[in-house]
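The listed protein sequences correspond, in order, to chains A and B.
Going by our numbering, the first residue of the first sequence is number 7, and it counts up by one from there.
Going by our numbering, the first residue of the second sequence is number 96, and it counts up by one from there.
Even for Gly, the Cβ is constructed at its ideal location relative to N, Cα and C.
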Amino acid sequence: DVKVTQSSRYLVKRTGEKVFLECVQDMDHENMFWYRQDPGLGLRLIYFSYDVKMKEKGDIPEGYSVSREKKERFSLILESASTNQTSMYLCASSLRGLGYEQYFGPGTRLTVT
Amino acid sequence: AQKITQTQPGMFVQEKEAVTLDCTYDTSDPSYGLFWYKQPSSGEMIFLIYQGSYDQQNATEGRYSLNFQKARKSANLVISASQLGDSAMYFCAIIQGAQKLVFGQGTRLTINP
Numbered sequence: 007d008v009k010v011t012q013s014s015r016y017l018v019k020r021t022g023e024k025v026f027l028e029c030v031q032d033m034d035h036e037n038m039f040w041y042r043q044d045p046g047l048g049l050r051l052i053y054f055s056y057d058v059k060m061k062e063k064g065d066i067p068e069g070y071s072v073s074r075e076k077k078e079r080f081s082l083i084l085e086s087a088s089t090n091q092t093s094m095y096l097c098a099s100s101l102r103g104l105g106y107e108q109y110f111g112p113g114t115r116l117t118v119t
Numbered sequence: 096a097q098k099i100t101q102t103q104p105g106m107f108v109q110e111k112e113a114v115t116l117d118c119t120y121d122t123s124d125p126s127y128g129l130f131w132y133k134q135p136s137s138g139e140m141i142f143l144i145y146q147g148s149y150d151q152q153n154a155t156e157g158r159y160s161l162n163f164q165k166a167r168k169s170a171n172l173v174i175s176a177s178q179l180g181d182s183a184m185y186f187c188a189i190i191q192g193a194q195k196l197v198f199g200q201g202t203r204l205t206i207n208p
C-alpha cells in the first residue's frame, strides 16, 4: 500500500527555533512536495523536488528551506520559526508526469508560540 | 499563471441527494490536468478523480463523476447518492507541465441525515 509518512502529527515550537519537518515515502516517487494549509486559503506550495538534491521554489518559499539527500526523504526546514508559520504542513509525493495523482501524508500541525 | 476558483465555501445537502461542487480554472497552457481531493475531518487528503485536458470523455470513479466543460473552463465534481461519510472538505486542483498542483480554496460539504 502506498504510504507517505511525516515525522510528527503535532509540534509546538518557540519563536526563533530551528524546526525540521521530515517526510518519507516508500513508493520510489521522483517528485516530492511541501504544502501549507490555512483556512480559506487552500493548500499552497512551499517547495518541491523532482529528483535527489534538486529543488524548486513554490508559491510561498520565504522563511523555508528544504533538503533532499535521498529519494525517499524530503525535509522542510524553518530556519527561525515565527508565529505566522503556525499552520498545517502537508507532504506529498508523485510519479513524474501530468496524469499521476499526488499521495499525501497525514500532516503536521505546527504551532509557533 | 494557472488559477482555481471554488465559489462555494459551504454546502448542505440531504443524504441520498446528488451534489455538484463547482470548480472553474484559468490557464493558458493547452495541456493540463484537473484533480479533485477529499479531506475528511481527520485531515488526510484523499484523491478522488482526475481529468486530462485532452480526454474525450468525462471522468468517472464510482459515485464520483467530473462534469468537464473545456470551453467554459469548468470541472465540476458530481457526487451521486450522497452519504453521511461524504461530509468533508473538497479541493479542486490543476496541474501543468511543471507538475505543480495549484489548489482552490475548497468547499466544505455537509450531508444531513
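Residue environment, residue i, which counts as buried when at least 16 other CB atoms sit within 10 Å
{"i": "Tyr120/B", "result": "buried"}
{"i": "Gln54/A", "result": "Correcting the residue type first, residue 54/A is Phe in the shown sequence and not Gln. Phe54/A comes out buried."}
{"i": "Lys195/B", "result": "buried"}
{"i": "Phe80/A", "result": "buried"}
{"i": "Leu116/B", "result": "buried"}
{"i": "Ser100/A", "result": "buried"}
{"i": "Lys133/B", "result": "buried"}
{"i": "Ser160/B", "result": "buried"}
Residue i (DSSP reduced to helix, strand or coil)
{"i": "Thr100/B", "result": "strand"}
{"i": "Thr89/A", "result": "helix"}
{"i": "Gly48/A", "result": "strand"}
{"i": "Gly180/B", "result": "helix"}
{"i": "Val58/A", "result": "coil"}
{"i": "Tyr149/B", "result": "coil"}
{"i": "Tyr109/A", "result": "strand"}
{"i": "Leu84/A", "result": "strand"}
{"i": "Gln109/B", "result": "strand"}
{"i": "Gln164/B", "result": "strand"}
Boundaries of the beta strand (DSSP E) in which residue i is found, first to last residue
{"i": "Ser73/A", "result": "Tyr70 to Lys76"}
{"i": "Cys29/A", "result": "Val25 to Gln31"}
{"i": "Ile174/B", "result": "Ser169 to Ile174"}
Assumed close pair residue i, residue j - CB separation to whole angstroms, cut-off 8 Å
{"i": "Ala113/B", "j": "Ile174/B", "result": "7 Å"}
{"i": "Gly69/A", "j": "Ser88/A", "result": "7 Å"}
{"i": "Gln91/A", "j": "Leu82/A", "result": "10 Å between Cβ atoms; not a contact."}
- [ ] Output, in sequence order along the chain, the residues in the stretch 139 to 157 of chain B whose CB is closer than 7 Å to any CB in chain A.
- [x] Glu139, Met140, Phe142, Tyr145 and Gly147
- [ ] Closer than 7 Å, Cβ to Cβ, to anything on chain E: give me those residues from the stretch 104 to 123 of chain B, in chain order.
- [x] Included in the structure are the protein chains A and B, with no chain E among them.
- [ ] Output, in sequence order along the chain, the residues in the stretch 11 to 22 of chain A whose CB is closer than 8 Å to any CB in chain B.
- [x] none
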